[in-house]
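The block underneath contains the structure these notes are about, expressed in structure tokens.
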Amino acid sequence: DGALVARVPVRNADSVDWEDIAWGPCPDGDCLYIADIGDNRGVRDQVSVYRLPEPNPRGGEARASERFDMRYPDGGRDAEGLFVLPTGEIYIVSKGTRRAAALYRYPLPLRPGQVVEMEFVRALSNEPLELLDQLTAADVSPSGEWLGIRSYRSLAIYRTASFIGGDTIPAIRFDLEDVEEVQGEGLALMDDGRVYLTGEAGFADGRGTVSILECRLP
Numbered sequence: 052d053g054a055l056v057a058r059v060p061v062r063n064a065d066s067v068d069w070e071d072i073a074w075g076p077c078p079d080g081d082c083l084y085i086a087d088i089g090d091n092r093g094v095r096d097q098v099s100v101y102r103l104p105e106p107n108p109r110g111g112e113a114r115a116s117e118r119f120d121m122r123y124p125d126g127g128r129d130a131e132g133l134f135v136l137p138t139g140e141i142y143i144v145s146k147g148t149r150r151a152a153a154l155y156r157y158p159l160p161l162r163p164g165q166v167v168e169m170e171f172v173r174a175l176s177n178e179p180l181e182l183l184d185q186l187t188a189a190d191v192s193p194s195g196e197w198l199g200i201r202s203y204r205s206l207a208i209y210r211t212a213s214f215i216g217g218d219t220i221p222a223i224r225f226d227l228e229d230v231e232e233v234q235g236e237g238l239a240l241m242d243d244g245r246v247y248l249t250g251e252a253g254f255a256d257g258r259g260t261v262s263i264l265e266c267r268l269p
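Per our numbering, residue 52 is the first one in the sequence shown, and the count goes up by one each step.
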């Protein structure tokens, strides 16, 4: 019903423009990764990802976080997509607003307290994207086999290794216009083909949305 279950303070963290969140590994179990990567004007010298132990969803205990600072090898850009592989590799998907969309990787090992230059992995477009095609979220399935990337009006699902290697043809593509999200910017992908989409209320006086899709993966 959309009721608040818990509020978890994140210690040792600042928020310039938090965008995406991902589940992934950490040395002592499972962690959440929070991406402070939003940059509408493309002017930030560096962006950050915070990592904290996965909290109890019904507890409000504050959790300490580690901060991983990074910069792009080709200058600042807006980004809203984050995914973390089971290996712990962090990937950032840029949005494609003022510049072409692209995929970047934080090279292992993770180094808190240092500003690390990300690796350019591949271009995702040849030029800036139209508004409704800009990339607003990404997620990898728990096994790491499948990767979803969404825009305001579409969702593409790839085999993760093939996509990172340069494949441009998704295994599945969905038109999301019938989902009727005001501002679709959230995505979670399961290994069984379930996809959870979240939409913000935007600037309208409305409500956020949660939609569940069930797809048959190859």
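Cβ atoms here follow ideal geometry from the backbone N, Cα and C, with glycine treated the same way.
Among the options, which one has its Cα closest to the Cα of residue i?
i, options, result
"residue 80", "160, 145, 55 and 106", "106"
"residue 225", "244, 234 and 207", "207"
"residue 266", "223, 258, 228 and 249", "223"
"residue 68", "78, 97, 60 and 59", "97"
"residue 232", "245, 260, 158 and 210", "260"
"residue 247", "210, 188 and 269", "188"
"residue 228", "204, 159 and 161", "204"
"residue 194", "139, 172 and 230", "139"
"residue 210", "172, 167, 99 and 269", "269"
"residue 253", "164, 171, 234 and 262", "234"
"residue 100", "244, 142, 191 and 192", "142"
"residue 78", "137, 166, 170 and 190", "137"
"residue 88", "146, 164, 258 and 263", "146"
"residue 185", "245, 91, 263 and 164", "91"
"residue 114", "66, 60 and 263", "60"
Once DSSP output is grouped into helix, strand and coil, what is the label at residue i?
i, result
"residue 283", "Given that the chain is displayed from residue 52 to residue 269, the structure contains no residue 283 and the question cannot be resolved."
"residue 213", "helix"
"residue 71", "strand"
"residue 184", "helix"
"residue 121", "strand"
"residue 106", "coil"
"residue 238", "strand"
"residue 203", "coil"
"residue 82", "strand"
"residue 90", "coil"
"residue 95", "coil"
"residue 136", "coil"
"residue 116", "coil"
"residue 190", "strand"
"residue 130", "strand"
Apply the 10 Å Cβ neighbour rule to residue i and answer buried if 16 or more other Cβ atoms are within range, or exposed otherwise.
i, result
"residue 134", "buried"
"residue 236", "buried"
"residue 75", "buried"
"residue 250", "buried"
"residue 148", "buried"
"residue 129", "buried"
"residue 112", "exposed"
"residue 144", "buried"
"residue 220", "exposed"
"residue 168", "exposed"
"residue 170", "exposed"
"residue 212", "exposed"
"residue 66", "exposed"
With a cut-off of 8 Å on the beta carbons, I'd call residue i and residue j a contact; round off their distance for me.
i, j, result
"residue 82", "residue 55", "About 22 Å; that fails the 8 Å criterion."
"residue 108", "residue 57", "6 Å"
"residue 127", "residue 95", "5 Å"
"residue 162", "residue 116", "That belief does not hold up - the Cβ atoms of residue 162 and residue 116 are roughly 15 Å apart, past 8 Å."
"residue 159", "residue 175", "Rounded, the Cβ-Cβ distance is 22 Å, inconsistent with contact."
"residue 64", "residue 150", "At roughly 27 Å, the Cβ-Cβ gap does not stay under 8 Å, so residue 64 and residue 150 are not in contact."
"residue 156", "residue 166", "Incorrect: roughly 16 Å between the Cβ atoms, too far for contact."
"residue 262", "residue 230", "5 Å"
Inter-stretch contact at 8 Å, needing at least 3 Cβ pairs: the segment 174 to 188 / the segment 112 to 122 | Fewer than three pairs of CB atoms, one per stretch, sit closer than 8 Å, so the segment 174 to 188 makes no contact with the segment 112 to 122.
Do three or more CB pairs link the segment 195 to 211 to the segment 81 to 101 at distances below 8 Å?
-> Taking 8 Å as the limit for Cβ pairs, the verdict is that the segment 81 to 101 does not touch the segment 195 to 211.
Validate contact between the segment 210 to 218 and the segment 239 to 246 using beta carbons, cut 8 Å, 3 pairs | Contact between the segment 210 to 218 and the segment 239 to 246 is absent: fewer than 3 CB-CB pairs across the two stretches fall below 8 Å.
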